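S.K.:
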Amino acid sequence: MDASAIIRKTAADLRLAPNLADYAAERQCFSWEAARAELALDREGRVNIAGQAVERQASGDLRKKTAFRFVSRGAASRDVSFEGLSRLTSRFANVLKNLGVGRGERVFVLSGRIPELYVAVLGSLKHGAVVSPLFSAFGPEPIATRVNLGEGRVLVTTDLLYERKVAKWREKMPTLEHVLLVTGEGGCTDIPGTLDLATLMADAGEVCEVAPTGAEDMALLHFTSGTTGTPKGAIHVHGAVVTHWATGRYALDLHPEDIFWCTADPGWVTGTSYGIVAPLLHGVTSIVDREEFDAERWYSILQDQAVTVWYTAPTAIRMLMKAGAEIPRKYRFPQLRFIASVGEPLNPEAVRWGKEVLGLPIHDNWWQTETGGIMIANTPAFDIKPGSMGRPLPGIDAAIVKRQEDGSVAVIDAPDVEGELALKRGWPSMFRGYLNNEERYRKCFSGDWYLTGDLAKRDADGYFWFVGRADDVIKSAGHLIGPFEVESALMEHPAVAEAGVIGKPDPVVGEVVKAFVSLKAGFEDSEALRMELLGHARKRLGAAVAPKEIAVVASLPRTRSGKIMRRLLKARELGLPEGDLSTLESGG
Ligand code: AMP
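Counting from 1, one number per residue, gives the positions in the sequence shown under UniProt numbering.
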């Protein structure tokens, strides 16, 4: 890489002394034990995420401080203090208790970024229940699949989402006993089979003990996708809170005086680990915007809320770039001192655009649902090589490895060699399993190494560079989409004989979902049928997951063992070399 492209950090770039001032020294002296001690965790190993994130602050000097400021279009913002959050989450925990929901039972939350979502997540944790926030743009099928896999007993949602996405599928979710509804203005409170959350909250007491959960007790379930099969429920434990705290300190550089804005939705792991837990642990005020992306609105939030630390995603940054440099000129954000981004590759131009237009470079970092927290990051302390994900944080050992035939891995020491990104097991927020799928979990490890499924390189200075995924999962607007889930939904349409789904590169959202289908006898390709298939997929899967493009083909390329060769579909779509075709069934 051209050395002049490196963004050098000088003392003048830093408006506050960074928490991680000396990368090498901090890596050397850091230990997870010491981090646990600094958080004053119980010696017997008892820890509860809500206890740490809410109660510790609510019983200390920060009790009156704003924990969350909820903003939305056309309404006054609503501030909730740490003390207020403690009362609300206790009420919610008591609602669960009154319903007879026990420790370890599963609560799902399906809503936009409204206060009730945050209260339900933290209140469930306080009660010792396991909570799984679902993305509200999911359609009925991904919702039902996840609730069933997680054996959800309680669902917290809104009247509108319930009527649109859950009601008709309710009998397909046999474990679901209680549906607690947030009813909006003019909302209906007497939908059969549901309970009104506001009434239950009003009737519940506002005092409750934090459940004495252990560090290894299951706290959160986040669903993620693989190449094949159903989504995987990654199990996260209460002890993960130590990683949330350490990474909030090092990778996001959170200081108590910060106003922090994480734009991620809690339906995805970033929106939980960093949209809820990490800022609370640091006693920081978080902005939560209920609305979808809008360039003008986002700049106005940065200005009007005096955001100091901003955690966002490459798709959003590219959309801001596309909206042009005129809009940001109308706004001022002198308080903004640190910008980080995650979820997909961040192009070097985006890093530099940040410096030119916002006055600050964008710090890319890397992690995934399974890691529970940021693993590799560009921190304020060191120079940025635009296009690199940065370096492993203190407490994290990362390497580039090659899988061997006997199942072991060989660590590649030489710089700039492509291989699979692996992490040495042992950080507190590492997932502890895929729910009910021990086999799939075991396959992610070789000895002490967790194999991430990402291909990457490490350079001579220890910076990691993302290369691509080792599997077929699709990243669209930062969301991981399993092709199998999309193919299954398409196959449910009577016209579809077979379906293969790929991610097609897109300059703004990274990849768009493109489907290839072949038709059953008696059906003919037409514009109307393709529209119908897209509509069918959208209705079942929701806008976040459904394909945006569809092509009808005579047949799909398959391996001799019958697997659809998505790799080949993609190569053909992009006009790239078709690669090794030795396993291709003849005629594909
Ligand atoms: P998820 O589990 O949905 O958070 O998706 C995790 C995946 O997103 C990773 O395995 C990567 O493939 C991708 N990803 C996350 N962060 C980055 C990044 N900074 N650069 C490139 N890809 C990323």
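All C-beta atoms in this analysis are idealised placements derived from N, C-alpha and C, irrespective of residue type, glycine included. It should be emphasised that the depicted structure is a prediction, and the values quoted were computed from it without experimental measurement.
Between the segment 481-500 and the segment 564-576, do at least 3 Cβ pairs fall closer than 8 Å?
M.R.: yes
S.K.: Straight-line CA distance for Asp383 to Asp459?
M.R.: 14 Å
S.K.: How long is the line joining the alpha carbons of Ile49 and Val95, rounded to whole angstroms?
M.R.: 19 Å
S.K.: How far does the beta strand (DSSP E) with His236 in it extend, from its first residue to its last?
M.R.: Lys232 to Val237
S.K.: State the CB to CB distance for the pair Pro279 and Trp32, rounded to an integer number of angstroms; the pair is presumed to be in contact (CB under 8 Å).
M.R.: Rounded, the Cβ-Cβ distance is 21 Å, inconsistent with contact.
S.K.: Is it right to say Cys262 is buried, meaning 16 or more other beta carbons lie within 10 angstroms of its own, or is it exposed?
M.R.: buried
S.K.: Going by Cα to Cα distance, which pick from Glu105, Leu180, Glu38 and Leu393 is closest to Gly462?
M.R.: Closest by alpha carbon: Leu393.
S.K.: Measure the alpha-carbon distance for Thr285 versus Phe68 and round it to whole angstroms.
M.R.: 6 Å
S.K.: Following the continuous beta strand (DSSP E) through Asp454, name the residue where it begins and the one where it ends.
M.R.: Trp449 to Arg458
S.K.: Who are Tyr23's beta bridge partners in DSSP?
M.R.: Partner(s): none; Tyr23 has no beta bridge.
S.K.: Counting only runs that start and end within the segment 312-391, where is the alpha helix (DSSP H) found for 4 or more residues in a row?
M.R.: 314-323, 326-329 and 348-353
S.K.: Figure out for me which residue from Leu581, His244 and Lys443 has the closest Cα to the Cα of Ala35.
M.R.: Comparing Cα positions, the closest option is His244.
S.K.: Could you tell me which residues DSSP pairs with Arg78 in its beta bridges?
M.R.: Per DSSP, Phe70.
S.K.: Suppose contacts are defined by Cβ-Cβ distances below 8 Å. Is Pro348 in contact with Ala93 by that definition?
M.R.: no
S.K.: Of the choices Val509, Lys504, Val417 and Gly510, whose alpha-carbon is the least far from that of Leu574?
M.R.: When only C-alpha atoms are compared, the closest one is Lys504.
S.K.: Taking the continuous beta strand (DSSP E) assigned at Ser476, which residues delimit it?
M.R.: Ile474 to Ser476
S.K.: Return the CA-CA distance between Asp289 and Pro314, expressed in angstroms with no decimal places.
M.R.: 18 Å
S.K.: To the nearest angstrom, report how far apart Ala323 and Glu356 are at their CA atoms.
M.R.: Ala323 and Glu356: Cα-Cα distance of roughly 15 Å.
S.K.: Can you tell me whether Phe466 sits near the ligand AMP, meaning its C-beta is under 7 Å from at least one heavy atom of the ligand?
M.R.: Yes.
S.K.: Please look up how many angstroms separate the CB atoms of Leu490 and Ala515, rounded, as I've assumed it's under 8 Å.
M.R.: 6 Å
S.K.: Can you give, in chain order, each stretch of the alpha helix (DSSP H) that sits fully within the segment 132-211 and has at least 4 residues?
M.R.: 140-149 and 197-203
S.K.: For Gly500, which residues does DSSP report across the bridge?
M.R.: Phe516
S.K.: For the alpha helix (DSSP H) that Gly248 lies in, which residues bound it at each end?
M.R.: Val241 to Tyr250
S.K.: Quick one: grab the DSSP three-state call for Phe92.
M.R.: helix
S.K.: Nearest to Asp203 by CA position, among Leu195, Trp268 and Val210, is which residue?
M.R.: Leu195
S.K.: Could you spell out where the alpha helix (DSSP H) holding Gly267 opens and where it closes?
M.R.: Per DSSP, Gly267 belongs to no alpha helix (DSSP H) and is neither H nor E.
S.K.: Rounded to a whole number of angstroms, what is the C-alpha to C-alpha distance between Glu492 and Glu498?
M.R.: Rounded to the nearest angstrom, the two C-alpha atoms are 10 Å apart.
S.K.: Please state whether the Cβ-Cβ distance between Arg332 and Gln305 is less than 8 Å.
M.R.: no
S.K.: At what residue ranges does the segment 278-309 contain a whole run of the beta strand (DSSP E), taking only runs of 3 or more?
M.R.: 285-289
S.K.: Below 8 Å, can you find three or more Cβ-Cβ pairs linking the segment 330-346 to the segment 418-435?
M.R.: no
S.K.: For the ligand AMP, I want to know if Val269 counts as a neighbour, meaning its beta carbon is within less than 7 Å of at least one of the ligand's heavy atoms.
M.R.: Val269: yes, Cβ under 7 Å from the ligand AMP.
S.K.: Would you call the segment 128-142 and the segment 95-115 touching, i.e. three or more CB-CB distances under 8 Å?
M.R.: yes
S.K.: Would you kindly work out how many angstroms separate the C-alpha atoms of Val119 and Arg91, rounded to a whole number?
M.R.: 9 Å
S.K.: Which class does Asp13 belong to by DSSP, given the choice of helix, strand or coil?
M.R.: helix
S.K.: Pro494: which of Val512, Val517 and Arg106 sits nearest, CA to CA?
M.R.: Val517
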